[in-house]
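Working notes for the structure below.
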Amino acid sequence: MPGDLEVLVKPLVDCEPDALASPWHIFDAIVERDPPIVYSDSLEAWIVAGRQYVVEILADAKTWSNCSVGSSRKANERFFRLMRELRQEPEMAPIVEEFTSIRRDGAVLVTADPPEHVRQRRAFSDLFRPKRIQSMTPAIQAKSDELVAKVRPLGCADWVADYSIQLPIAILARNFAVPESDGTKFKRWSDILGGRIGRVNITREEIRDLIFSEKEFRNYFTPLLEERGRDPQDDLISDIATAEVDGEPLSNAEKLEACQQFVIAGHETTSSIIANIGRRIASDPDLRDGLAADRSLIPGFVEEVLRLDPPVLGFFRMAKCDTEVAGITIAEGEYVWVAYAGGNRDPKGCPRSLEFDMTRHPNRHLSFGYGEHACLGAGLARAQAVIATNALVDLPNLALASDHVDEYSDSYILRGLKSLKITFDRQPVA
Numbered sequence: 001m002p003g004d005l006e007v008l009v010k011p012l013v014d015c016e017p018d019a020l021a022s023p024w025h026i027f028d029a030i031v032e033r034d035p036p037i038v039y040s041d042s043l044e045a046w047i048v049a050g051r052q053y054v055v056e057i058l059a060d061a062k063t064w065s066n067c068s069v070g071s072s073r074k075a076n077e078r079f080f081r082l083m084r085e086l087r088q089e090p091e092m093a094p095i096v097e098e099f100t101s102i103r104r105d106g107a108v109l110v111t112a113d114p115p116e117h118v119r120q121r122r123a124f125s126d127l128f129r130p131k132r133i134q135s136m137t138p139a140i141q142a143k144s145d146e147l148v149a150k151v152r153p154l155g156c157a158d159w160v161a162d163y164s165i166q167l168p169i170a171i172l173a174r175n176f177a178v179p180e181s182d183g184t185k186f187k188r189w190s191d192i193l194g195g196r197i198g199r200v201n202i203t204r205e206e207i208r209d210l211i212f213s214e215k216e217f218r219n220y221f222t223p224l225l226e227e228r229g230r231d232p233q234d235d236l237i238s239d240i241a242t243a244e245v246d247g248e249p250l251s252n253a254e255k256l257e258a259c260q261q262f263v264i265a266g267h268e269t270t271s272s273i274i275a276n277i278g279r280r281i282a283s284d285p286d287l288r289d290g291l292a293a294d295r296s297l298i299p300g301f302v303e304e305v306l307r308l309d310p311p312v313l314g315f316f317r318m319a320k321c322d323t324e325v326a327g328i329t330i331a332e333g334e335y336v337w338v339a340y341a342g343g344n345r346d347p348k349g350c351p352r353s354l355e356f357d358m359t360r361h362p363n364r365h366l367s368f369g370y371g372e373h374a375c376l377g378a379g380l381a382r383a384q385a386v387i388a389t390n391a392l393v394d395l396p397n398l399a400l401a402s403d404h405v406d407e408y409s410d411s412y413i414l415r416g417l418k419s420l421k422i423t424f425d426r427q428p429v430a
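Read in our numbering, the sequence shown has 240 at position 240, and its numbers run on one by one without any break.
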């Protein structure tokens, strides 16, 4: 990578706060190159930012593997080296072996490649069909109303802690048909199990926590999967427990991995979307007033926030064979960071790409991915985001708190605010 670009990329890869808060100039600089692809020594991977090439890679699952979407080769090498060190501890050896065995046998959906992925996707495709999402809308609205009612008399809130985390977790628990109070476990597991994503410097103690959390997760979901497999209900765990691929049930490892992906994806990205929406509305009173005057603009507003402030900056693909991207040779086994954020900001794929325009139509952003690995739960995330936007617009004189400071999660892939302090006019409880 040219030295000037590596200077930009390295702080993001190292999760420096300023780079996490505002990484957009990095993607813009790569998009402006011809071709918009560079090799990063910090990542030990290629970065592809132009929309055309992002789409080409995401659409070509035969050439590009999803085996390690959330980690670079460099991060994986560190992870497995630390795992080997943990295995040297006598009490950890059997636990590490159990963990690696389950992970080895559990490639599902996001981490699976064709032909397995195609068959699995078919088995799960009905879980988030439009009619099912529509049936969830009253429950989403009711939970939103409940959360807002708690903070309305206070005149202030941390929108992340008080709402954007709580809403997706509650809906996830409802979809799993488990007590809503179990959502605190889901949040903790998600934070720890997803802690590797977009980080190069995970520690051995963090890996130890990850292994034990995965065991807790497995001990929680295994009996539920067995119970719902025997007596299926109308819920997500039953759907996973009874899913079949070409007439054959999923393995236990595949079922557990599916549950884990739904837990992490079911709240992490949706929470970030809702927080990003809150950040934009609270920063712009005129925008809030415009949305309040014409609620029909809200779906388009949500899509434009997704485009310019995506919850996922990009995922990795690994070349299954020697190939080319934009005339540049990528060797078999090399990693490419497919930058959704760059593709969204490419003027060749989006006129006036740096301008926020909530009337933009069509809005072909890549924030939920593209191709056969596109996010299954995108419709549910959108439904929650629209309801959350309406809730924000209903808060009179909404503004950022004077002491709010933007601080983002430590990941160059998953971009989410840690908190969002807002103020508004107090409203008495009805």
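The C-beta atom is built at its ideal place from N, Cα and C for all residues, glycine as well.
Selected residue, minimal CA-CA separation from residue i, among the options
| i | options | result |
| --- | --- | --- |
| E6 | D41, R360, A123, S251 | D41 |
| P351 | A391, R87, I197, R307 | R307 |
| I281 | R78, F217, E372, I298 | I298 |
| C375 | C15, Y53, L109, E77 | L109 |
| N390 | A75, D158, S144, R129 | S144 |
| A265 | E332, D309, R218, L380 | L380 |
| S238 | G327, R174, L58 | R174 |
| K348 | Y39, A45, L20, V54 | V54 |
| A275 | I169, S164, E216 | S164 |
| F124 | L400, I277, F80, E372 | E372 |
| V305 | T329, F368, A331 | F368 |
| F79 | R345, W64, V245, I202 | I202 |
| I207 | R51, P23, D403, M83 | M83 |
| I277 | E180, H117, L398, P17 | L398 |
| L291 | V393, R228, L417, A139 | V393 |
| A139 | A378, I169, E257, M358 | I169 |
| S419 | W159, V325, D289, A378 | W159 |
| D286 | Q141, P396, A149, K62 | P396 |
Residues that DSSP places opposite residue i in a beta bridge
| i | result |
| --- | --- |
| Y408 | L417 |
| M83 | Partner(s): none; M83 has no beta bridge. |
| P249 | E244 |
| A45 | S40 |
| C156 | T423 |
| A399 | T423 |
| T323 | I330 |
Sequence-distant residues of its chain with Cβ nearer than 7 Å to residue i (five each side left out)
| i | result |
| --- | --- |
| G314 | W337, V338, A339, Y340, A341, I413 |
| I26 | L8, V9, L12 |
| A59 | Y370, G371 |
Classification of residue i by the beta-carbon crowding that lies within 10 angstroms, buried from 16 upward
| i | result |
| --- | --- |
| C259 | buried |
| A317 | Here residue 317 is Arg; the residue named in the question, Ala, does not match the sequence. Label assigned to R317: buried. |
| P311 | buried |
| G198 | buried |
| D126 | exposed |
| V151 | buried |
| V405 | exposed |
| H365 | buried |
Where the alpha helix (DSSP H) through residue i begins and ends
| i | result |
| --- | --- |
| D191 | 183–193 |
| R122 | 116–124 |
| M136 | 130–151 |
| E180 | Run containing E180: none; DSSP gives neither H nor E here. |
Neighbourhood of residue i by C-beta, 8 Å cutoff - its chain only, sequence neighbours within 5 removed
| i | result |
| --- | --- |
| S213 | R188, W189, I192, L193 |
| E44 | S72, R73, K74, Y335 |
| P153 | R426, Q427, P428, V429 |
| L172 | G183, F186, F262, V263, G266, H267 |
Contact set for residue i: own chain, Cβ-Cβ below 6 Å, skip 5 residues either direction
| i | result |
| --- | --- |
| D410 | C15 |
| E332 | A319, C321, D322 |
| R87 | A93, V96 |
| M358 | L297, G300, F301, E304 |
Continuous beta strand (DSSP E) stretch holding residue i: start and end
| i | result |
| --- | --- |
| R317 | 315–319 |
| V69 | V69 -> no beta strand (DSSP E), and no H or E assigned at all. |
| T329 | 328–330 |
| V393 | Where V393 is concerned, there is no enclosing beta strand (DSSP E), although the alpha helix (DSSP H) it sits in stretches over 378–393. |
| Y335 | 335–338 |
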